[in-house]
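Okay, structure first, notes after.
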Amino acid sequence: MRLKPEYLKVIDDIKYARIFSSTKTVLAGLKLLKKIVDDARNFEELSANLAIVVPLLFKARPTSAMLLNSIKTFVSEVVKASETGDINYVKQHIDAEVRKIERNILHLAELTAKIASHRINNGDTILTNSYSTVVLKAFKFAYQEGKRFEVYVTESRPGSEGLILAAELAKMGLKTTVFVDSAVRYMIKDVDNVFLSSEAIAANGALINKVGSSLIALAANEARVRVFALAPTLKFSPETLLGELVVLAEGEPSTVLPEKLREEFGDRIKVRVPLFDVTPPEYIDAIITEKGLIAPQAVVMILKEIYGWPFRVITLDEILEGLEVREK
Amino acid sequence: MPVEVVEIAEDIKSMRIRGAGRIARAVARGLLIAAQKFEGDEVEVFVNYMNQVADMLKKTRPTAVSLFNAISYVVSRMVKAREVNVDKLREVVIRAAEEFIEYSLRAVEIIGEIGAKRISEGDTILTHCNSSAAISIIRKAYEQGKDIKVYATETRPKFQGHITAKTLAKTGLDIILIPDTAVRLIMRKIDKVIVGADTVAANGAVINKIGTSLVALAAKEANVNFYVAAETYKFSPATVIGELVTIEERDPEEVVSKDYLVKYSNITVRNPAFDVTPPEYVDVIVTEKGIIPPQAAILILEEEYGWAIADYILQATRAIESDEEALLA
């Protein structure tokens with residue numbers, strides 16, 4: 001069975017991080033899944049399409065815990081609604097459910113941002129990287145609260161999303177400074193707090209985020225500057241409780257390898273384009289969630305609240321099995 | 329003042345001659361020509377004349393350490409000689425200048441030979457920016473038949489990593505380019521980091537391309553050896569008496585496009601060209617005179633530029649003399 005090109009395009013955009021911010025990426029993924037439900041003429045088509053797209057979507061951004069968590073909720077709802085045997089009911093149900101998931105994502109992002117804004121004081125200089133919806137929101141809240149502070153943004157190669165974040169901050173009226181990623185250690189002495197976004201939080205409190213985040217945290221640690229990771233609990237990865245390692249996705253080689261060098265030297269010059277890296281918990285002062293600030297080492301407490309004790313984590317494969325049964 | 333010497337000064341000033349090594353050799357040649365052209369038989373007049381030429385050359389690029397050191401190299405030998413015969417003293421100056429030019433040309437090669445001994449079979453090396461001394465070490469190790477793998481940071485804002493990749497690829501080495509942000513992630517795979525230096529300070533701090541200190545920090549964290557390759561004329565005698573090395577901030581357009589700057593005129597773009605790597609993050613500095621721990625930078629400075637340091641101290645002494653007299657009065 002061949003997938004519609006429009007489905008594949010969304011997956012590609014997600015895979016090569018063409019969509020800025022992990023929140024927007026997840027919303028784009030959900031939109032794609034909902035479209036598949038909307039487009040399906042019958043259960044066979046629905047199951048067949050989802051059976052292909054769901055793993056593809058997950059693999060497009062295996063690092064994103066929120067994407068996986070959202071996909072799992074989505075598929076569970078499809079399986080549940082499909083028990084009625086009424087495809088139109090499934091469509092209605094999913095329409096409502098996706099809206100609920102989206103609202104929840106945005107609500108938790110806002111709540112997290114609001115709490116994070118409390119850590120910004122008048123006269124502070126905050127350093128951040130990449131482009132994050134939650135971090136941007138935190139700055140907005142603090143600014144609206146009347147706080148006057150300055151934001152340092154690294155360019156954030158590859159992708160240079162930092163330039164886009166800086167543009168939005170500047171439009172908002174915030175004093176914004178941009179510099180190359182390698183200038184972090186040089187500039188850190190003027191910084192009060194580092195705000196990092198999150199792609200995933202592992203069970204041990206490690207932060208998986210845009211590549212370079214761990215380098216910033218390292219420089220901050222050396223300079224005794226505080227580091228906060230902004231992460232709604234949807235970004236906590238339950239799979240890591242089961243010992244799974246987070247897969248770090250790679251981006252398009254052309255973002256680092258100029259065409260001219262590739263032509264002239266072929267395989268002699270290779271590139272690595274990691275999109276994410278791992279910041280160890282000891283470099284993070286606190287993880288800011290919608291439930292409040294926690295030490296990274298206390299992440300398991302929150303996971304226990306969600307997944308019970310002993311942990312009961314249903315994997316994506318188990319959920320997909322429900323879909324296959326329906327197919328028969 | 330000989331016209332050829334004035335021409336050299338003009339070329340340096342207008343940046344027709346640039347690059348630390350080339351500038352250094354050009355001023356040495358200037359001193360050499362000046363000595364050859366001197367007419368007269370009084371040593372004192374010759375020394376004054378040479379000092380004038382030196383001062384004129386120094387003013388062409390007041391912040392270039394290599395230029396200053398090339399002059400010091402020659403002038404200190406002239407002073408140390410304590411020669412009473414003009415022709416013999418002229419010979420001292422000419423020989424010193426020739427020696428400097430030759431050593432400058434050979435230094436990079438010798439650094440390669442010395443540094444390559446620190447590279448082991450199967451090593452994975454990381455380098456930052458584009459340093460001919462660092463490349464010399466990597467290339468030499470490769471020529472010795474050592475199976476090595478090289479990672480190069482792309483080095484924003486000017487992507488000098490591309491030049492490094494090109495140079496090494498032409499040698500036959502396989503290169504892996506990475507964005508600067510991936511340094512900590514990649515460090516687990518690295519055995520040795522080799523970088524160049526713009527300036528080495530008296531305490532062994534290394535001033536080099538922005539990001540060098542971040543690479544050093546990540547190397548330290550991962551317990552990876554961090555080597556600096558630097559010709560001795562990159563050591564700064566002025567830092568011995570406490571001078572700070574000025575970090576140049578360059579054009580923002582190197583970082584973002586002109587359109588971006590115009591469109592978001594309220595964004596400040598900072599573009600520091602260098603940063604300072606503290607000596608405790610540097611394992612060794614490979615110079616053409618041998619390998620030293622960074623804290624022994626003063627050894628190089630004393631041996632190579634003792635005269636310059638003494639001169640600085642003398643100037644400082646003169647500066648406080650009137651104060652002391654006033655206090656004693």
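Those protein sequence lines, which keep their order, are chains C and W. Per the numbering used here, the very first residue in the first sequence carries number 1; after that it's consecutive. Per the numbering used here, the very first residue in the second sequence carries number 329; after that it's consecutive. Every residue, glycine too, gets a C-beta built ideally from N, C-alpha and C. What you are looking at is a predicted structure, and each value in this text was computed from that prediction instead of being measured.
Residue i (DSSP reduced to helix, strand or coil)
i          : result
Thr-388(W) : coil
Glu-102(C) : helix
Asp-603(W) : strand
Leu-196(C) : strand
Ala-23(C)  : In the sequence under discussion, the amino acid at residue 23(C) is Thr, which differs from the Ala named in the question. Of the three classes helix, strand and coil, the one that applies to Thr-23(C) here is helix, per DSSP.
Arg-410(W) : coil
Lys-91(C)  : helix
Ala-40(C)  : coil
Asp-190(C) : helix
Glu-327(C) : Low confidence applies to Glu-327(C): its pLDDT is 48, below 50, so where it sits in the model is not reliable, and the reading given next is rough at best. In the structure shown, Glu-327(C) sits in a helix (DSSP, three-state: H, G or I).
Thr-495(W) : helix
Ile-442(W) : helix
Asp-12(C)  : helix
Tyr-555(W) : strand
Leu-207(C) : strand
Ala-116(C) : helix
Thr-233(C) : helix
Ala-217(C) : helix
Thr-483(W) : coil
Glu-150(C) : strand
Ser-453(W) : A small fix is needed here, since residue 453(W) is Ile in this sequence, not Ser. Strand, per DSSP.
Thr-128(C) : strand
Pro-329(C) : Nothing about residue 329(C) can be reported from this structure: the residues present for chain C run from 1 to 328 only.
Ala-286(C) : strand
Ile-595(W) : strand
Val-521(W) : strand
Whole-number beta carbon distance between residue j and residue i, since they are thought to touch under 8 Å
i          : j          : result
Val-37(C)  : Ile-319(C) : Rounded, the Cβ-Cβ distance is 15 Å, inconsistent with contact.
Val-543(W) : Ile-503(W) : Not quite, the Cβ-Cβ distance comes to about 16 Å (not below 8 Å), so this is no contact.
Ala-138(C) : Leu-230(C) : 6 Å
Pro-621(W) : Val-597(W) : Not really, about 37 Å apart at Cβ, beyond 8 Å.
Ser-64(C)  : Val-135(C) : Going by Cβ atoms, the distance from Ser-64(C) to Val-135(C) rounds to 16 Å, so no, they are not a contact pair.
Arg-105(C) : Val-184(C) : The sequence as given places Ile at residue 105(C); Arg does not occur at that position. Actually they do not touch by this definition, with Cβ atoms about 30 Å apart.
Val-371(W) : Val-412(W) : 6 Å
Ile-101(C) : Thr-84(C)  : Contact flag wrong, Cβ pair sits at about 20 Å.
Among the options, the one whose alpha carbon lies nearest that of residue i
i          : options                                           : result
Asp-611(W) : Ser-564(W), Leu-589(W) and Val-523(W)             : Val-523(W)
Ala-354(W) : Asp-339(W), Lys-477(W) and Gly-368(W)             : Asp-339(W)
Asp-383(W) : Glu-559(W), Val-584(W) and Leu-395(W)             : Leu-395(W)
Leu-496(W) : Ser-156(C), Phe-265(C) and Thr-176(C)             : Phe-265(C)
Asn-49(C)  : Ser-130(C), Glu-83(C), Leu-8(C) and Ala-28(C)     : Leu-8(C)
Ile-52(C)  : Leu-32(C), Lys-147(C), Leu-163(C) and Met-66(C)   : Leu-32(C)
Arg-61(C)  : Ala-203(C), Ser-22(C) and Ile-216(C)              : Ser-22(C)
Asn-42(C)  : Ile-11(C), Pro-253(C), Val-278(C) and Asn-88(C)   : Asn-88(C)
Ile-294(C) : Tyr-143(C), Thr-240(C), Gly-205(C) and Glu-44(C)  : Gly-205(C)
Thr-574(W) : Arg-484(W), Asn-536(W), Ser-541(W) and Gln-364(W) : Asn-536(W)
Glu-577(W) : Ala-286(C), Pro-281(C) and Met-187(C)             : Met-187(C)
Val-407(W) : Ala-638(W), Gln-643(W) and Ser-650(W)             : Ala-638(W)
Glu-632(W) : Ala-398(W), Gly-368(W), Glu-335(W) and Ile-336(W) : Ala-398(W)
Arg-446(W) : Ile-613(W), Ala-644(W) and Pro-330(W)             : Ile-613(W)
Ile-438(W) : Ala-425(W), Ser-460(W), Pro-330(W) and Arg-418(W) : Ser-460(W)
Val-300(C) : Asp-267(C), Arg-262(C) and Leu-242(C)             : Leu-242(C)
Thr-483(W) : Leu-513(W), Val-583(W) and Cys-457(W)             : Cys-457(W)
Thr-240(C) : Asp-12(C), Arg-103(C), Val-225(C) and Leu-68(C)   : Leu-68(C)
Lys-341(W) : Glu-471(W), Val-381(W), Lys-387(W) and Ala-363(W) : Lys-387(W)
Proximal chain B residues relative to residue i, where beta-carbon distance stays under 8 Å
i          : result
Tyr-377(W) : Structure shown: chain B not included; protein chains present are C and W.
Residue i CB to nearest heavy atom of the ligand NAD below 8 Å
i          : result
Gln-623(W) : Among the components of this structure there are no ligands whatsoever, and the ligand NAD is therefore not found.
In the stretch 201-221 of chain C, which residues sit with their C-beta less than 7 Å from some C-beta in chain W, listed in chain order?
Val-211, Gly-212, Ser-214, Leu-215, Leu-218 and Ala-219
Is there contact between the stretch 594-606 of chain W and the stretch 433-451 of chain W, where contact requires at least three CB pairs shorter than 8 Å?
no
Would you call the stretch 399-414 of chain W and the stretch 356-372 of chain W in contact, with 3 or more CB pairs under 8 Å?
yes
With a threshold of 8 Å, are at least 3 pairs of Cβ atoms found where one atom belongs to the stretch 459-479 of chain W and the other to the stretch 512-522 of chain W?
yes
Using Cβ-Cβ distances below 7 Å, what residues of the stretch 531-556 of chain W are close to chain C?
Ile-538, Gly-539, Ser-541, Leu-542, Leu-545, Ala-546 and Glu-549
If contact is defined by three or more beta carbon pairs under 8 Å, each pair taking one atom from either stretch, is the stretch 584-599 of chain W in contact with the stretch 167-182 of chain C?
yes
Take every Cβ of the stretch 116-135 of chain C, pair it with every Cβ of the stretch 154-166 of chain C, and state whether three or more of those distances are shorter than 8 Å.
yes
Are the stretch 616-630 of chain W and the stretch 526-543 of chain W touching by the rule of at least three beta carbon pairs closer than 8 Å?
yes
The stretch 451-459 of chain W contacting the stretch 367-385 of chain W, beta-carbon criterion three pairs below 8 Å
no
Three or more C-beta pairs closer than 8 Å, one from the stretch 144-152 of chain C and one from the stretch 116-128 of chain C: is that the case here?
yes
Are the stretch 548-555 of chain W and the stretch 487-495 of chain W touching, with three or more C-beta to C-beta distances below 8 Å?
no
Determine contact between the stretch 305-314 of chain C and the stretch 250-268 of chain C, defined as no fewer than three beta-carbon pairs at a distance below 8 Å.
no
Taking beta-carbon pairs under 7 Å, can you tell me which members of the stretch 251-272 of chain C lie near chain W?
Val-256, Leu-257, Pro-258, Leu-261, Phe-265, Arg-268, Ile-269, Lys-270, Val-271 and Arg-272
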